[in-house]
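Undergrad: Heads up: the sequence lines are chains A and B, in that order.
Basically my numbering = 1-based index in the first sequence + 2.
Basically my numbering = 1-based index in the second sequence + 2.
Every residue gets a Cβ at the ideal spot worked out from N, C-alpha and C, and that includes glycine.
2 protein chains.
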Amino acid sequence: MHPFSDQPAQTVAALGEQNLLRHIRRWLGSAMPAAPHGMGDDCAVLPATALPRGKRPLLTVDPVIYGEHFDDAIAPRAVGRKLLARNLSDLAAMGGRPVAAVVSLALDPRTRLDWLEAFYRGLAATARRHQTPVVGGDIATHRGGLVASLTLAGVTTSSRAVTRSGAAVGDFIAVTGVLGGSLSSGHHHAFTPRLAEGAWLAARREVSAMMDVSDGLAKDLHALVPARAKPLLFGDLIPRRKGCDLRAALTDGEDYELLFTVRGTPAAAARLAADWSRAFPRTPLTVIGRLAPASAPSAGALDLSAYHGFEHLR
Amino acid sequence: MHPFSDQPAQTVAALGEQNLLRHIRRWLGSAMPAAPHGMGDDCAVLPATALPRGKRPLLTVDPVIYGEHFDDAIAPRAVGRKLLARNLSDLAAMGGRPVAAVVSLALDPRTRLDWLEAFYRGLAATARRHQTPVVGGDIATHRGGLVASLTLAGVTTSSRAVTRSGAAVGDFIAVTGVLGGSLSSGHHHAFTPRLAEGAWLAARREVSAMMDVSDGLAKDLHALVPARAKPLLFGDLIPRRKGCDLRAALTDGEDYELLFTVRGTPAAAARLAADWSRAFPRTPLTVIGRLAPASAPSAGALDLSAYHGFEHLR
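The structure is reproduced here in structure tokens:
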């Protein structure tokens, strides 16, 4: 659906600010608590229990932008769902769970009300599914554009946050699910963020580093590789979405799968994979390679410099 | 400064994403902690001490948008400063103090590097001044636009958050500073958020409700007025910026002053004002009216329906 209309009666400008806020409250429904825990004050006040003792607070933000992350071919309900889901995926990658979300919306006064309603209803459905109260936000005028930015506050599920920086030479490299073809398959707006999987992995001490794959494996993996190390990946091992070739699996982006490293012997990595398959029998976990010293021979391994992921700001 | 350039070498597109992130780290300097407490991971991890026992977590978000909140006449350094300061003002209005900020930037690839550098240096200076670590964010492409959205996590300075909803009939209405002329005087991008003042007021039990004035007193005040009550304001009492008439003071907006209600006798309100003037000798606190039953006579009070504040989405 095209988000804008030249029929003023169909647009947010017809409602005005106060009425629009009332509508948004209704569209969000039970996904939004009452003030001060929800919309309606200068800040949202989070419950005092939001941060359990011994857990670490997490904060992340990601937008969806008309013309970049979605277009007229994507249903507005899917746009709302994707906005929250891509932030939840970041949280999953640290082994976190959501506490609360706020949404900053910059929109043209010509934005269609039915577009906006479907957007908020999609957001609300995903928020309920993943126990993420939408506690507030802001709406501002942005002539000619539509930018929705969501900030997610969360906490770790165990005492540690799994960062990108814990990997070492010798660690195995593994990934959840299958890669590639996210745009053509519709996965990019219909995926389920790997929250349960991320929490499970964070509880395993042998998981040394983790991130989510959003710009393509070939590009994102660099963030996990420590100094004086290089990744040895094997093309035949990379799990591909049906119909995808190796290049698509390495570079398409928007996979929203978990990429992580595992410390220990081959037997330890196999044990992790076996335990995983009992916990998540329908989701593949695949060991795709290993971190080697930068000076090691690369025989048989992929030359990642031949593959480029998604480059922003070009 | 105009934020865009048609000379590719002067723009963010010339740098590319990874180089740009390195530059941003440098521009933010000590305002950004190292990962995982700063930029560079899927989420920012906040220090475990971020939320002291007995305090309430707060969350707020506000954007600055090219063409709406700023234009070519505003220095980019002032834009960065304003982005953080307007969020700090929301925190001040709850009696809060900042814990961490994340910034979501949607920008045209033609955005000038020198514009962006000055923007981040302004943001960083304000962040250092108010002890607000910038712990992360996101940068995405937005052809034709420039939207910066900042989310602020904070905590209350006392055991309570002062909301908009605590006022009752009989409470006095008071405001800090002077009102009106924010745009013409430059106050809208140079103001100091009232963090110390908000914390001081939140510690006074007689302060029953509070908010910041951003869309004009005449519009914003409604949010503090409970059901079956009406505000009686007296025009001669409204503190005006030099050169402003009453209408400007009531409707201009972007004052970023604190508007609050005080429970108790006239003597209690006078005592609060006297204590204030010792704590903040250079900042006026003015009692401008009182909350009356909706049925009470309005003799001598302002007819607020004749004054309209800033309406968004028109």
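1. Between the stretch 29-48 of chain A and the stretch 94-103 of chain B, are three or more C-beta pairs nearer than 8 Å?
2. If we call anything under 7 Å between Cβ atoms a contact, is A231 of chain B one with L293 of chain B?
3. Around the C-beta of A11 of chain A, are 16 or more other C-beta atoms found within 10 angstroms, so that it is buried, or is it exposed?
4. Within 8 Å, do at least three Cβ pairs link the stretch 48-59 of chain A to the stretch 119-126 of chain A?
5. Measuring CB to CB, does F135 of chain B end up less than 7 Å from P35 of chain B?
6. Which one of B:P295, B:V105, B:A301 and B:R273 has the shortest CA to CA distance from A142 of chain B?
7. Strictly below 9 Å CB to CB, what residues from chain A border M213 of chain B?
8. Verify whether the separation of the beta carbon atoms of P228 of chain A and A169 of chain A is less than 7 Å.
9. With DSSP as the reference, identify every bridge partner of K232 of chain A, one or two as the case may be.
10. If you measure beta-carbon to beta-carbon, which residues of the stretch 67-81 of chain B are closer than 7 Å to chain A?
11. Only counting the same chain, and skipping five residues up and downstream in sequence, which positions put a Cβ closer than 7 Å to that of A176 of chain A?
12. How would you label P295 of chain B, buried or exposed, when you count the other beta carbons within 10 angstroms and need 16 or more for buried?
13. Could you have a look at Y68 of chain B and say whether DSSP puts it in helix, strand or coil?
14. Measuring only the C-alpha atoms, how far is P268 of chain B from P283 of chain B?
15. Buried or exposed for R206 of chain A, going by 16 or more other Cβ atoms inside 10 Å?
16. Following the continuous alpha helix (DSSP H) through E199 of chain B, name the residue where it begins and the one where it ends.
17. Can you list the residues of chain A that R58 of chain B reaches, using a CB-CB cut of under 8 Å?
18. Give the secondary structure of T73 of chain A by DSSP, where H, G and I count as helix, E and B as strand, and everything else as coil.
19. Please specify which runs of the beta strand (DSSP E), each continuous and at least 3 residues long, are wholly inside the stretch 17-55 of chain B, giving them in chain order.
20. I need the DSSP call for F121 of chain B, collapsed to helix, strand or coil.
21. Would you check if the stretch 154-166 of chain B and the stretch 60-71 of chain B touch, i.e. whether three or more CB-CB distances between them fall below 8 Å?
22. Could you spell out where the alpha helix (DSSP H) holding V81 of chain B opens and where it closes?
23. Cβ atoms of F312 of chain A and G255 of chain A: under 7 Å apart, would you say?
24. Assign L234 of chain B to one of two classes, buried (16 or more other C-beta atoms within 10 Å of its C-beta) or exposed (fewer than that).
25. So the beta strand (DSSP E) R99 of chain B belongs to, where does it begin and stop?
26. Which first and last residues belong to the beta strand (DSSP E) in which S210 of chain A is found?
27. Would you please verify whether the beta carbon of G168 of chain A is less than 7 Å from any beta carbon of chain E?
28. Throw me the rounded Cβ distance for the G182 of chain A and R243 of chain A pair, which I believe falls under 8 Å.
29. Shorter than 7 Å from the beta carbon of P38 of chain B to some beta carbon of chain A?
30. Output the boundary residues of the alpha helix (DSSP H) element that contains A142 of chain A.
31. To the nearest angstrom, report how far apart A129 of chain A and P241 of chain A are at their CA atoms.
32. Using a Cβ cut-off of 9 Å, which residues of the stretch 177-198 of chain A contact any Cβ in chain B, in chain order?
33. Under 8 Å: do the stretch 114-121 of chain B and the stretch 69-81 of chain B share three or more Cβ pairs, one atom per stretch?
34. Since T158 of chain A and A204 of chain A are thought to touch, with beta carbons under 8 Å apart, how far apart are those beta carbons, to the nearest angstrom?
35. Span of the beta strand (DSSP E) holding S151 of chain B?
36. Span of the alpha helix (DSSP H) holding T253 of chain B?
TA: Considering the structure as presented:
1. yes
2. yes
3. exposed
4. no
5. The identity of residue 135 of chain B in the sequence shown is Pro, whereas the question assumes Phe. In contact: P135 of chain B and P35 of chain B (Cβ atoms closer than 7 Å).
6. B:V105
7. D43 and D44
8. yes
9. A:A294
10. I67, G69 and E70
11. F262, V264, L287, T288, V289 and I290
12. exposed
13. strand
14. 21 Å
15. buried
16. L197 to A204
17. V47, L48 and A50
18. For clarity, residue 73 of chain A is Asp in the given sequence; the question names Thr instead. If DSSP states are grouped into helix, strand and coil, D73 of chain A belongs with coil.
19. none
20. helix
21. yes
22. P78 to A94
23. yes
24. buried
25. G98 to L109
26. V209 to V215
27. In the structure shown, chain E cannot be found, because the protein chains are A and B.
28. 5 Å
29. yes
30. Here A142 of chain A belongs to no alpha helix (DSSP H); instead the beta strand (DSSP E) covers V136 to T143.
31. 29 Å
32. none
33. yes
34. 7 Å
35. L148 to T158
36. L248 to T253
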